[in-house]
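Worksheet: one structure, shown below.
Residue numbers (the working numbering), protein chains in the order written: chain Y, 5 to 284; chain E, 5 to 284.
So, in structure tokens, the structure goes:
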């Protein structure tokens with residue numbers, strides 16, 4: 005295994021603990037819907053180009069009655085970026101060594117009235133150290149109250165932490181989760197932040213708040229909508245929405261296309277793709 | 005409309021006639037399956053950045069009992085490539101003006117035992133003039149006889165025309181229709197060729213032969229397999245196969261990503277995507 009310093013260990017532990025909390029809560033929701041679905045965990049290792057250990061992660065996947073497909077990946081990797089790629093990474097231009105630990109989650113829901121969701125937070129170390137991440141809501145059939153509550157939860161997380169700037173992070177998400185060829189946004193937004201430097205304690209505290217806000221608000225939205233009746237037209241709308249989601253992830257998402265083109269763990273990278281999608 | 009010279013007119017007419025022949029044949033197959041599905045045609049115009057007419061095309065789409073979704077696009081466009089893109093196109097480095105006419109077809113079939121298929125041929129004019137295109141078979145559940153017959157048809161088209169080289173074109177398709185992140189080919193191959201210069205008559209004759217070979221062999225394979233019984237597992241295998249197909253087109257296909265990123269007709273470009281696809 006790669007060696008971790010105190011901050012890296014603290015961040016990794018938080019991401020793993022957050023994963024445990026989220027998975028337990030999602031499984032509780034399945035119980036409430038009368039299903040015994042549970043996450044299955046698949047550990048994977050990363051190897052550096054020279055064959056040395058480069059860390060790894062655990063992919064958690066559940067297919068349930070409420071969560072048609074939800075993936076949660078926690079990874080803790082390190083090594084050295086190869087070639088010109090180092091130049092594109094904050095603080096790695098002179099020294100290509102890096103460390104990254106983070107959690108990444110995508111949930112595609114069975115009921116078209118329950119929004120799909122994406123959440124990801126991470127701690128990066130090069131010659132710089134920073135946090136990044138965010139969460140955004142992706143309802144096939146948007147409900148204003150859900151959108152408002154989701155944004156309010158993210159705003160509250162930001163407002164409680166002077167290192168964060170809600171308006172900027174909301175705009176960042178709006179700019180990022182956009183599908184130019186269709187001139188539509190992927191979802192109804194949320195927050196997105198990156199290169200959040202400054203004191204470790206302060207930036208870490210904010211990143212924890214994002215995870216906690218997500219764990220508070222998303223299950224509430226799910227429980228609120230999971231029993232809403234829907235028909236074939238709603239389902240078709242959901243499947244077409246998911247087609248757009250797949251388009252965004254495969255064509256524009258930086259993490260996805262970088263991962264695919266540089267030999268990352270395919271199953272972990274493409275965990276985000278919908279269980280079923282339609283193009284008419 | 006843009007003005008066409010004699011060769012451009014001849015090529016455009018052929019592509020339109022081939023489209024008519026293919027659509028009539030595919031509709032006949034629907035009749036044989038007891039369906040009255042027919043192609044619907046949607047004309048679209050292309051406008052140059054400066055607002056002048058840039059040609060256009062017609063997108064044909066049919067959703068039937070045998071053909072779950074088949075799109076045939078014929079386009080005839082012209083103008084000038086903008087910016088650095090001209091430098092990437094054969095013969096357009098010094099003079100960015102271009103003309104292109106072609107046919108592009110993708111069929112996703114209802115029965116998982118019937119192969120999906122892709123066929124595209126085109127005539128390009130910059131300071132150079134050339135034909136390009138090909139056809140490749142994409143069976144969710146490959147049948148050796150179908151693969152062999154499809155390749156034999158393409159080989160026969162090449163062998164009858166000294167300007168063509170079957171072995172090279174087959175290898176070209178094998179290299180091109182590959183999904184590196186999964187280390188699998190998209191389908192079972194076919195032929196791919198580009199920048200086929202030389203006499204217009206000879207290269208055009210070969211391009212017509214590719215279209216004729218496709219129109220002969222593909223309907224025969226469809227009729228042979230369309231009544232094969234299939235179960236839920238076969239259907240799931242087909243939907244997952246289509247997920248890979250969508251990945252290839254959205255991540256790697258040069259035409260798709262160029263079209264999307266430069267404001268082409270989205271419906272025509274994404275016509276190739278499957279009606280329904282799964283990621284498990």
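No residue lacks a Cβ here, since even glycine has one placed at the ideal position from N, Cα and C. This one's a predicted model, so the numbers in the text were calculated from it and none came from an experiment.
query                                                                                                                                  : result
Given 8 Å, three or more beta-carbon pairs between the region 164–176 of chain E and the region 104–124 of chain E                     : no
8 Å Cβ cutoff, residue 122 of chain Y in contact with chain E                                                                          : no
Under 8 Å from the C-beta of residue 261 of chain E: neighbouring residues of chain Y                                                  : 255
Sheet register partners of residue 49 of chain Y (DSSP bridge)                                                                         : Y:60
Assigned secondary structure, residue 72 of chain E (DSSP; H/G/I helix, E/B strand, else coil)                                         : strand
Alpha-carbon to alpha-carbon, residue 79 of chain E and residue 176 of chain Y                                                         : 38 Å
Boundaries (first-last residue) of the alpha helix (DSSP H) holding residue 33 of chain E                                              : 10–36
Span of the beta strand (DSSP E), counted from its first residue to its last, around residue 179 of chain E                            : Careful: residue 179 of chain E lies outside any beta strand (DSSP E), inside the alpha helix (DSSP H) at 170–180.
Sequence-distant residues of the same chain with beta carbon closer than 8 Å to residue 27 of chain Y, five excluded per side          : 43, 64, 66, 76
Residue 47 of chain Y and residue 59 of chain Y closer than 8 Å at C-beta                                                              : no
Buried or exposed (CB count within 10 angstroms, at least 16 for buried), residue 155 of chain Y                                       : buried
Contact set between residue 52 of chain Y and chain E, taken where Cβ atoms lie within less than 7 Å                                   : By Cβ distance, chain E contributes nothing, its closest Cβ being about 19 Å from residue 52 of chain Y, past 7 Å.
Rounded straight-line distance, which links the Cα of residue 157 of chain E to that of residue 205 of chain E                         : 21 Å
Below-8 Å beta-carbon distance, residue 251 of chain E vs any chain Y residue                                                          : yes
Contact belief for residue 190 of chain E with residue 142 of chain E at Cβ below 8 Å, rounded distance in angstroms                   : 6 Å
Helix, strand or coil at residue 112 of chain Y [DSSP, three-state]                                                                    : strand
Residues that residue 280 of chain E contacts on chain Y, provided the C-beta gap is smaller than 9 Å                                  : 243, 280, 281, 282, 283
Neighbour list for residue 274 of chain E in chain Y, Cβ cutoff strictly below 7 Å                                                     : 283
Within chain Y, the residues that residue 270 of chain E reaches when beta carbons sit closer than 7 Å                                 : 185, 186
Burial state of residue 276 of chain Y, where buried means 16 or more other Cβ atoms lie within 10 Å                                   : buried
Of the listed residues E:249, E:261, E:114, E:99, nearest to residue 185 of chain E (C-alpha basis)                                    : E:249
CB contact below 8 Å: residue 264 of chain E versus chain Y                                                                            : yes
is_contact[residue 277 of chain Y, chain E] using C-beta, thresh 8 Å                                                                   : yes
Own chain residues within Cβ distance below 6 Å of residue 73 of chain Y, not counting five before or after                            : 67, 112, 279
Exposed unless 16 or more other CB atoms sit within 10 angstroms - verdict on residue 40 of chain Y                                    : exposed
Nearest-angstrom beta carbon gap, residue 19 of chain Y and residue 107 of chain Y [assumed within contact, 8 Å]                       : 4 Å
Rounded Cβ spacing between residue 216 of chain Y and residue 193 of chain Y (contact assumed at less than 8 Å)                        : Between residue 193 of chain Y and residue 216 of chain Y the Cβ distance is about 19 Å, and since that is not below 8 Å, they are no contact.
Whole-number beta carbon distance between residue 282 of chain Y and residue 244 of chain Y, since they are thought to touch under 8 Å : 5 Å
Proximity to residue 115 of chain Y [Cα-Cα], best of Y:146, Y:87, Y:105                                                                : Y:146
Contact set for residue 11 of chain Y: own chain, Cβ-Cβ below 6 Å, skip 5 residues either direction                                    : 204
Where the beta strand (DSSP E) containing residue 130 of chain Y begins and where it ends                                              : From DSSP, residue 130 of chain Y is part of no beta strand (DSSP E); its letter is neither H nor E.
Three-state class that DSSP yields for residue 107 of chain E in the structure shown                                                   : strand
CB-CB length for residue 95 of chain E against residue 131 of chain E, believed under 8 Å                                              : 4 Å
Cβ pair residue 102 of chain Y, residue 15 of chain Y closer than 8 Å                                                                  : no
C-beta atoms of residue 138 of chain Y and residue 195 of chain Y nearer than 8 Å                                                      : yes
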